[in-house]
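Worksheet for the structure shown next.
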């Protein structure tokens, strides 16, 4: 009989569902969290709702590499009766006690599966990883998401800032966690020359999907301004997305294309981070960015915009904060970093200590394990968890 270390709790079988179109923030969370849940005594299986264009394969490969029990359910179109049938069948086959969803599409299929297992309606838990509202379609999906949350036993937000947008009687906050062994200052880098930079370049970098809300245009403008004064700077932009052609054109227009590299999707983020002198997060909106935790755990100093949970993550000198969309302020900080006038070593050391104390994935997994037990233990119709609003789900 498994259980969370130090507790006498039974094994819990949790079916996680994610509709994945790449390897982004939520996928990074899942690929780290699910193995840690297994170590905590929670049995997990991941159902990936397959993307028609095959974009789910990035998450599938990472999940398999991490030893996650993963099953792909082909899911063409917005609603697929066949996918619904297969999700229901998988929940029964696995013997799930609880279903945990991670996006608005998985909410729908999880809701269907929860009432069709033959053993009564299964409780539903969801984690809201962040909202962008960057298009009319996404805003419509998010409106549906807020509506369907009423059938969930518990709703988890990854940051306090998300709570103000939510109305649910059983709401808690569980922040993200980082694998401290995988992202360690002792890991080797990819190598500056392999990335296209000379060894004496002061290298900034960022890792994110290339979409407008991630602020890459601001970063390029700020870099170009700082680069005009310190031409030994370099910028590495890892990730892909619809903004890439516009960003590449902007780099050329600003005359710094020889010092900016686009890597596309990067399979070795751990190595890439170790080649950076400074990580920059220029986002306009965030929940609790996983990549920022990974940079902090890697011993890389961080400059980031003051959005979401980022100020809390970088509190106490663990990083340098700038206002979102303020390219002048960002350029100034990047320039100070490149010429040695920001305390980068101290920032990195403080950030690493904070990760070790507060943001390890084992701590995150323990909170989820406790939450699952609370959901299953309580018999409160129609849901199963009575956490006070804005409370923090933590192990005792």
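Residue numbers (the working numbering): -13 to 382.
For every residue, glycine included, the Cβ atom is placed at its ideal position computed from N, Cα and C.
Handout entry: For residue 17, the three-state DSSP class (helix, strand or coil)
Key = helix
Problem - Distance, residue 219 Cα to residue 362 Cα - result: 54 Å
Exercise for the section: Spatial neighbours of residue 285 within its chain, please: CB distance less than 7 Å, with the 5 preceding and 5 following residues excluded, ordered by chain position. Expected result: 171, 334 and 338
Problem - Integer Cβ distance of residue 164 from residue 303, believed to fall under 8 Å - result: With 8 Å as the limit, residue 164 and residue 303 do not qualify as a contact, their Cβ atoms being about 19 Å apart.
Exercise for the section: Consult DSSP for residue 10 and reduce its assignment to one of helix, strand or coil. Expected result: coil
Practice task
Pick out whichever of 66, 69, 67 and 30 has its Cα sitting closest to the Cα of residue 56.
Solution key: 30
Exercise for the section: Quick one: measure Cβ to Cβ for residue 73 and residue 98, integer angstroms, because I've assumed they're closer than 8 Å. Expected result: 7 Å
Handout entry: Extent of the continuous alpha helix (DSSP H) run through residue 169
Key = From DSSP, residue 169 is part of no alpha helix (DSSP H); its letter is neither H nor E.
Problem - Residue burial classification, residue 290 (beta-carbon count within 10 angstroms, cutoff 16) - result: buried
Handout entry: Per-residue burial, residue 92 [other beta carbons within 10 Å of its own, 16 or more giving buried]
Key = buried
Exercise for the section: Taking the CB atoms as reference points, tell me whether residue 19 and residue 350 lie closer together than 8 Å. Expected result: yes
Problem - Span of the beta strand (DSSP E), counted from its first residue to its last, around residue 318 - result: From DSSP, residue 318 is part of no beta strand (DSSP E) but of the alpha helix (DSSP H) over 313 to 324.
Practice task
Count the other CB atoms, across all protein chains shown, that sit within 10 Å of the CB of residue 151; report buried if there are 16 or more and exposed otherwise.
Solution key: exposed
Practice task
Starting from residue 265, follow its DSSP beta bridges and name the residues at the other end.
Solution key: 191 and 288
Handout entry: Span separating the alpha-carbon of residue 268 from that of residue 195
Key = 12 Å
Problem - Euclidean distance between Cα positions of residue 364 and residue 249 - result: 49 Å
Exercise for the section: State the Cα-Cα distance for the pair residue 52 and residue 279, rounded to the nearest angstrom. Expected result: 19 Å
Exercise for the section: Provide the residue span of the beta strand (DSSP E) that contains residue 247, from first to last. Expected result: 246 to 250
Problem - residue 158: first and last residue of the uninterrupted beta strand (DSSP E) it sits in - result: 157 to 159
Problem - Buried or exposed (CB count within 10 angstroms, at least 16 for buried), residue 13 - result: buried
Practice task
Work out the CA separation of residue 235 and residue 244 for me, nearest whole Å.
Solution key: 13 Å
Practice task
Give the secondary structure of residue 224 by DSSP, where H, G and I count as helix, E and B as strand, and everything else as coil.
Solution key: strand
Handout entry: Counted within 10 angstroms of its Cβ, other Cβ atoms place residue 359 as buried (16 or more) or exposed
Key = buried
Exercise for the section: Report yes or no: do three or more beta-carbon pairs, one from the segment 3 to 11 and one from the segment 183 to 192, lie closer than 8 Å? Expected result: no
Practice task
Quick one: using the 10 Å Cβ neighbour count with 16 as the cut-off for buried, is residue 38 buried or exposed?
Solution key: exposed
Exercise for the section: Alpha carbon to alpha carbon, how far is residue 259 from residue 133? Give it in angstroms, no decimals. Expected result: 39 Å
Exercise for the section: Would you kindly report the start and end of the unbroken alpha helix (DSSP H) that includes residue 181? Expected result: Segment: none, residue 181 is in no alpha helix (DSSP H) and carries neither H nor E.
Problem - Candidates 199, 246 and 176: closest to residue 256 by CA position - result: 176
Handout entry: Helix, strand or coil at residue 55 [DSSP, three-state]
Key = coil
Exercise for the section: For the alpha helix (DSSP H) holding residue 237, just list the boundary residues, first then last. Expected result: 230 to 239
Exercise for the section: Alpha carbon to alpha carbon, how far is residue 277 from residue 251? Give it in angstroms, no decimals. Expected result: 14 Å
Exercise for the section: For residue 176, name the three-state secondary structure that DSSP assigns. Expected result: coil
Exercise for the section: In angstroms with no decimal places, state the Cα-to-Cα distance between residue 343 and residue 336. Expected result: 11 Å
Handout entry: Distance between residue 86 and residue 59 (C-alpha atoms, nearest Å)
Key = 16 Å
Problem - Which residues DSSP lists as bridging residue 219, in chain order - result: 188
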